[in-house]
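For the sequence shown, position 99 (counting from the first letter as 1) is numbered 143 according to the working numbering, and the numbering increases by one without interruption. Note that beta-carbon positions come from the ideal geometry of N, C-alpha and C, so glycine has one too.
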Amino acid sequence: MISDTDKTAQAVSPRIVFMGTPEFACYCLQSLCEAGLPVCAVVTVPDKPVGRGQKVQASPVKTYAEAQGLPVLQPAKLKDPDFLTALAAFEADLFIVVAFRMLPKEVWNMPPLGTFNLHASLLPRYRGAAPIQRAIWNGETETGITTFLLDEHMDTGAILMQERMPITPDDNAGSLHDKLMTAGGPMVVATAKGLLEGRLNGRAQTEMPDNPTEAATALPVAPKIFKRDCYLDWRLPADRLLLQIRALSPYPAAIAWFSDPEKGISIPFKIFEARKDAMKRHNLLTTYQQGHFVTDGRHFLNIVCGAGESISITKLQIPGKKTLTIEAFLRGFCFPEAGSFFLPVE
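Shown next as structure tokens:
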């Protein structure tokens, strides 16, 4: 039999609802559970068909939550009255959101301690959907993670905690994602504990960056990556193209469109890794136009770009095939002499 004291303790015990979808969020949920924090339910996206076979698949967050015996809500619409009723029934003190969706006020304003989000940048820099990709694309050498309370606008709420992290020349979106994810788990745990224990207060975001030299310029933002953003423009210099390739690797991947006039087709090459052509040719543009390629058919594929430079492709994929090193790719692909890479017009 449960005593009155036990019932009172249960009634005041804090409760957390976690909201998220991909691996990044799943790692944070796992960190919360392993730290013994009181996660009482999880919200994630509905199961959806994935891949060529269109097999219906649950999100990583749902898979982990069910393995832990946690209740899972999967609303199609976040303002659905049935969902809001079910969510309120958990009587959570705190909501935590990591890599999920924009929440309506009816949701983020529900718990008494509020709702906090983990964002993969040093807010207020890189507000938006793609902070990891945009930071690399812009040539940043530092980024970080931020926990902040949600409010009416995107990524503008009071900052709770932040941690800086360098971006190395070898980082791409995948490696930086993993570093930030690994750091994000402990920060989510620390933020949740601080809020539940009443010892963590938010500070308002400021539009002024830490670096005074940036004070006169607008802070960088992180808009969503669209398909058009993936196309490589061979008029750009090598360094710009290499940043784009790193920023989009391994997903969604930079796209180099190749025209094969012999077959009358265009092929989207996914480019995952590249480097600046070590054999700098000062008269390159007098011999080859931008988008033309140079290859020995065995070891290298160099594509001419802006500023009289070229980049050397080292890892790529074409539709229906595996990702390959350039040497393996050239063993099975013969470039037509008249072919070239181009930027499609849409």
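*Rounded to whole angstroms, how far is the Cβ of L368 from the Cβ of S356, which I believe are closer than 8 Å?*
Between S356 and L368 the Cβ distance is about 15 Å, and since that is not below 8 Å, they are no contact.
*Taking 8 Å as the cut-off, decide whether the C-beta atoms of I315 and L276 are in contact.*
yes
*Taking the beta strand (DSSP E) that F386 falls in, what are its first and last residues?*
S384 to F386
*Return the CA-CA distance between P267 and M198, expressed in angstroms with no decimal places.*
11 Å
*Extent of the continuous beta strand (DSSP E) run through D304*: A298 to D304
_So if DSSP puts R319 in a beta bridge, which residue, or which two residues, is it bridged to?_
S356
*Rounded to a whole number of angstroms, what is the C-alpha to C-alpha distance between L244 and M225?*
22 Å
*By Cβ distance below 7 Å, which residues in the same chain neighbour R247 in space, the five residues on each side in sequence not counted?*
A202 and I203
*Pick out the complete beta strand (DSSP E) segments inside the segment 171-220, 3 residues or longer, and give them in chain order.*
186-193 and 203-210
*Return the CA-CA distance between F134 and K121, expressed in angstroms with no decimal places.*
18 Å
*Could you check if E353 is buried or exposed, using at least 16 other CB atoms within 10 Å of its CB as the buried criterion?*
buried
_Cβ-Cβ distance between I189 and E207 below 8 Å_ = yes
*asked:* Since P115 and P82 should fall inside the 8 Å C-beta cutoff, what is the C-beta to C-beta distance between them, to a whole number of angstroms?
replied: P115 to P82, Cβ: 13 Å. No contact.
_Closest to A262 by C-alpha separation, out of T65, Q101 and Y170, would be which residue?_
Y170
*Between Q288 and K320, what straight-line distance do the alpha-carbon atoms span, to the nearest angstrom?*
13 Å
*Under 8 Å between the Cβ atoms of D91 and Q98?*
no
*I60 versus Q333: straight-line alpha-carbon distance, rounded*: 59 Å
*For A164, which of E150, Y108, L131 and M209 has the nearest alpha-carbon?*
M209
*In chain order, what residues of the same chain have a beta carbon less than 7 Å from the beta carbon of P281, not counting five sequence neighbours either side?*
C349, G350, A351 and E353
*DSSP beta-bridge partners of G64*: V142
*What residue range is occupied by the uninterrupted alpha helix (DSSP H) comprising P104?*
P104 to A111
*Limits of the unbroken beta strand (DSSP E) element including Q87*: The identity of residue 87 in the sequence shown is Val, whereas the question assumes Gln. V83 to V87 is the extent of the beta strand (DSSP E) around V87.
*Output the boundary residues of the beta strand (DSSP E) element that contains I347.*
L345 to V348
*Which whole-angstrom value is the C-beta distance of K359 and E317, which I expect to be below 8 Å?*
4 Å
*Cβ pair T129, L147 closer than 8 Å*: no
_Status (buried if at least 16 other CB within 10 Å, exposed otherwise) for D151_ = Checking the sequence shown, residue 151 turns out to be Val, not Asp. It is buried - the Cβ of V151 has at least 16 other Cβ atoms within 10 Å.
*Using the Cα positions of L374 and V94, report the straight-line distance between them to the nearest angstrom.*
30 Å
*In three-state terms, what does DSSP make of F373?*
helix
*Could you give the C-beta distance for L157 and T191, rounded to a whole number, given that I count them as a contact under 8 Å?*
At roughly 13 Å, the Cβ-Cβ gap does not stay under 8 Å, so L157 and T191 are not in contact.
*asked:* If distances are taken between C-alpha atoms only, which option among A132, S103, T200 and D273 comes closest to L292?
replied: D273
_Tell me which residues share the same chain as V87 and place their Cβ nearer than 6 Å to its Cβ, disregarding the 5 neighbours each side in the sequence._
M63 and L117
*Measure how close the beta-carbons of G218 and P294 come, nearest whole angstrom, since I'm counting them as under 8 Å.*
5 Å
*Straight-line gap, D283 to E306 (C-alpha atoms, nearest Å)*: 31 Å
*asked:* Once the 5 residues before and after V232 are set aside, which same chain residues still bring their CB inside 8 Å of it?
replied: C72, S75, L76, I140, V142, L162 and T191
*Tell whether a beta-carbon distance below 8 Å holds between N182 and R290.*
no
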